[in-house]
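Anchor point for the sequence shown: position 413 equals 415 in our numbering, and the numbering is continuous, going up by one each time.
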Amino acid sequence: MPIFLRFSLLCLIAFLSIQVPVFSQEELENWHHQSTDATFPNGIGSDVWYGSSTKPAERTVIVAILDSGIDIEHPDLKPHIWVNPGEIAGNKKDDDGNGYVDDIHGWNFLGGADGRSVIKESLEVTRLYGKQKSKWENADVSKLKGKQLTEYNEYLEMKEVVESKIEGARQHLDETSQMKTMIMTALEAAKKVVGNDTLRVDELEKSSDENVLMAAKIIRNVEEQGLKVESIDWLIEVATEQFVMQTQADEDALNFRYNPDYDSRKIVGDNYYDFSVRNYGNNDVGGEFSYHGTHVAGIVGAVRNNDLGMNGIADNVALMSIRLVPDGDERDKDVANGIIYAVDNGAEVINMSFGKGYSPEKYLVDNAMKYAAKKDVLLVIGSGNEGADMDQEPNYPNDTYYGKKKAKIKNLISVGAVGPEGGSASIAEFSNYGKTQVDVFAPGVYIYSTTPDSTYDYASGTSMAAPVVSGMAAMIRSRYPKLSAPQVKNILMQSVRKLPGTVIQPGTFEEVPAASLSVSGGSVDLPAAMALAAKTKGKRKTTQMPSEYKGVNTKLAPPPSKT
3 MPIFLRFSLL CLIAFLSIQV PVFSQEELEN WHHQSTDATF PNGIGSDVWY GSSTKPAERT
63 VIVAILDSGI DIEHPDLKPH IWVNPGEIAG NKKDDDGNGY VDDIHGWNFL GGADGRSVIK
123 ESLEVTRLYG KQKSKWENAD VSKLKGKQLT EYNEYLEMKE VVESKIEGAR QHLDETSQMK
183 TMIMTALEAA KKVVGNDTLR VDELEKSSDE NVLMAAKIIR NVEEQGLKVE SIDWLIEVAT
243 EQFVMQTQAD EDALNFRYNP DYDSRKIVGD NYYDFSVRNY GNNDVGGEFS YHGTHVAGIV
303 GAVRNNDLGM NGIADNVALM SIRLVPDGDE RDKDVANGII YAVDNGAEVI NMSFGKGYSP
363 EKYLVDNAMK YAAKKDVLLV IGSGNEGADM DQEPNYPNDT YYGKKKAKIK NLISVGAVGP
423 EGGSASIAEF SNYGKTQVDV FAPGVYIYST TPDSTYDYAS GTSMAAPVVS GMAAMIRSRY
483 PKLSAPQVKN ILMQSVRKLP GTVIQPGTFE EVPAASLSVS GGSVDLPAAM ALAAKTKGKR
543 KTTQMPSEYK GVNTKLAPPP SKT
């Protein structure tokens, strides 16, 4: 599922603790590009590099955004959206013979023939539980042993997760309703006291009405977090919005995420378990759920220096939209086919800002990633936002594939998130980490980027850190085309700026050696990476795409085979 945190004014819940950044929004708007100075020591230094470098891009690099879709009409993205040179728009033919009709800007593996697309989806643990429920719910445990007993115990674990989440969502709905009544009653009572006059909390605190006193406490709490409450009406509006969002989240948990009877594939119309079929879906690469993918795309390659919104990292890039991430857990079949589609259509970097805790068809994704390795394509993935040790609690996809020796896929780089603050607080408190499973860290907190309908917004997550690295990788490949995908990965890792000796470990909030949280022990640094790339002798015999990409592979790759 998408791994990010969208920021909004959280004025409700518990007595309304609103977390706001230490810096102003104006300061944060460009922080991840900034040089590694005292203000933003975790910036990648792209502003410095672009300001001093004379090394132009030699070629356009295609970056595939495997995500929830991209608003391809966004003015800050449109000039950089990939256009399939072998396809004629709107003629309802597969002109380039790649198996996909009218795939002008990419493909939507969540789409159906009728034009609809999957938006809401269950979690993988829910799907696995639902699939096994009929097999195990009435099992005679006394007769189970060996493999059967192991599978039964795994089923019980999944059952506990799903049913506890269902119960929790029901309880939370009740609590939210009660909280809403209490808070709205308090704010309406306060409104009667102050009317339309300038809001003065000290006047409310003189009241003998408990509801008015509660409203005063709410307002004090909000303003202590650095937000000015201009009026009661404003606070009512914000609180109402947040209650609606929270109620929707709980209802989605009950109806979709943890509902074992929900089947989204009726929309797609495929037989999910027929893994030989790859050309299902439609060509709607944007759609109503494209916030996440649009934000990711902007970080990689929003047009630079065009006096709009913000700058992307890569300057000579084509953004291919591959839609396969719903509001819920993505499916392994879609991920595998998305990777293959990207590779076959010329992508040299694939950004994957998603992840999940279960991967029943992992072998499909593994084989697709190995296919990408053979074609010299770099895979960049966000490590996840659970504040967990990936070495102990793996997230999927990852770079370990299950062969005889559980070898590692050398063309995948896993990215954790750092924030604008330096020192021991460098690592984002939500970021996953791992001495063997997370390769580098990159800016992923309060990142300002493109959002649908020509807008911009801040978001945080390893979903935002991964495209920072993808953008850097595209810059390297555009200027040093003879460097292979593993070489680009090694350059990004070897050129990191080391983090402070000790940092606060996410999840535990204990100070630990920074070197223990990732393979490289540092955060990416663009000037250092470009300098190292310039010194590295390329191993690539041929470049995958000319400077102005033209032509695509016209034959489908064989479907991933089970290993």
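Positions of the beta carbon are idealized from the N, C-alpha and C atoms, including for glycine. No experiment lies behind these values; they were computed from the predicted model shown.
Beta-bridge partners of residue i, as assigned by DSSP
i, result
"GLY576", "Only positions 3 to 565 of the chain appear in the structure, and residue 576 is not among them; the question remains open."
"ASN110", "ASN284 and ARG325"
"GLY435", "The sequence given here places Tyr at residue 435; Gly does not occur at that position. Bridge partners of TYR435: ASP391."
"THR1", "There is simply no residue 1 to check, as the chain begins at 3 and stops at 565 in what is shown."
"ILE67", "SER323 and ASN353"
"ARG499", "SER525"
"ASP459", "SER451"
"ILE506", "GLU513"
Span separating the alpha-carbon of residue i from that of residue j
i, j, result
"ASN273", "VAL302", "34 angstroms"
"ALA517", "GLN439", "13 angstroms"
"LYS581", "GLU243", "Outside the modelled stretch of the chain, which goes from 3 to 565, sits residue 581, for which no answer is possible."
"GLU190", "GLU205", "15 angstroms"
"SER433", "GLY389", "5 angstroms"
"GLU162", "GLY418", "29 angstroms"
"GLU31", "LYS135", "49 angstroms"
"THR56", "TYR482", "14 angstroms"
"THR41", "GLU423", "8 angstroms"
"MET3", "SER209", "48 angstroms"
"PRO560", "TYR275", "The predicted model places PRO560 with a pLDDT of 47, which falls under 50 and marks its position as unreliable; any figure quoted below should be read in that light. The alpha-carbon atoms of PRO560 and TYR275 are separated by roughly 16 angstroms."
"LEU381", "ASP368", "12 angstroms"
"ASP142", "MET160", "18 angstroms"
"LEU237", "GLY197", "14 angstroms"
"ILE106", "ALA251", "34 angstroms"
"MET186", "GLU290", "31 angstroms"
"SER179", "LYS410", "49 angstroms"
"PRO515", "ASP309", "42 angstroms"
Closest by C-alpha distance to residue i, when choosing among the options
i, options, result
"ASN387", "ALA191, ASN261, ALA461 and VAL526", "ALA461"
"ALA530", "LYS500, ASP378 and ASN413", "LYS500"
"MET322", "LEU79, ASP309, MET477 and TYR403", "LEU79"
"SER465", "MET477, SER480, GLU225 and TYR448", "TYR448"
"GLU126", "GLU332, ALA375 and TYR403", "GLU332"
"LEU485", "VAL526, MET532 and THR457", "MET532"
"THR128", "TYR157, GLU29 and ARG172", "TYR157"
"HIS76", "GLY295, ILE121 and LYS268", "GLY295"
"LYS358", "TYR398, LEU366, PHE258 and PHE245", "TYR398"
Coil, strand or helix - residue i by DSSP
i, result
"PHE98", "Inspection of the sequence shows that residue 98 is occupied by Asp rather than by Phe. Coil, per DSSP."
"GLU159", "helix"
"ILE411", "coil"
"PRO515", "strand"
"ALA228", "Sequence inspection shows Gly at residue 228; the Ala mentioned does not correspond to that position. It is coil, neither helix nor strand."
"VAL279", "coil"
"SER119", "strand"
"ALA316", "coil"
"THR464", "helix"
"ARG222", "helix"
"GLU423", "coil"
"LYS57", "coil"
"ILE341", "helix"
"MET3", "coil"
"LYS358", "strand"
"TYR398", "strand"
"GLY170", "helix"
"LEU201", "coil"
"VAL103", "coil"
Pair within 9 angstroms by beta-carbon distance, residue i and residue j
i, j, result
"ILE383", "ALA468", "yes"
"ASN353", "VAL65", "yes"
"TYR435", "GLN507", "yes"
"TRP84", "GLY340", "no"
"ASP211", "THR453", "no"
"GLY425", "PRO502", "yes"
"SER428", "VAL521", "no"
"ASN93", "SER525", "no"
"ASP334", "LYS372", "no"
"ARG280", "GLY101", "yes"
"ASP378", "ARG542", "yes"
"ILE350", "VAL50", "According to the sequence as given, residue 350 is Glu; it is not Ile. Result no, Cβ atoms of GLU350 and VAL50 do not sit closer than 9 angstroms."
Contact with chain B by residue i, beta-carbon distance below 9 angstroms
i, result
"GLY289", "Structure shown: chain B not included; a single protein chain is present."
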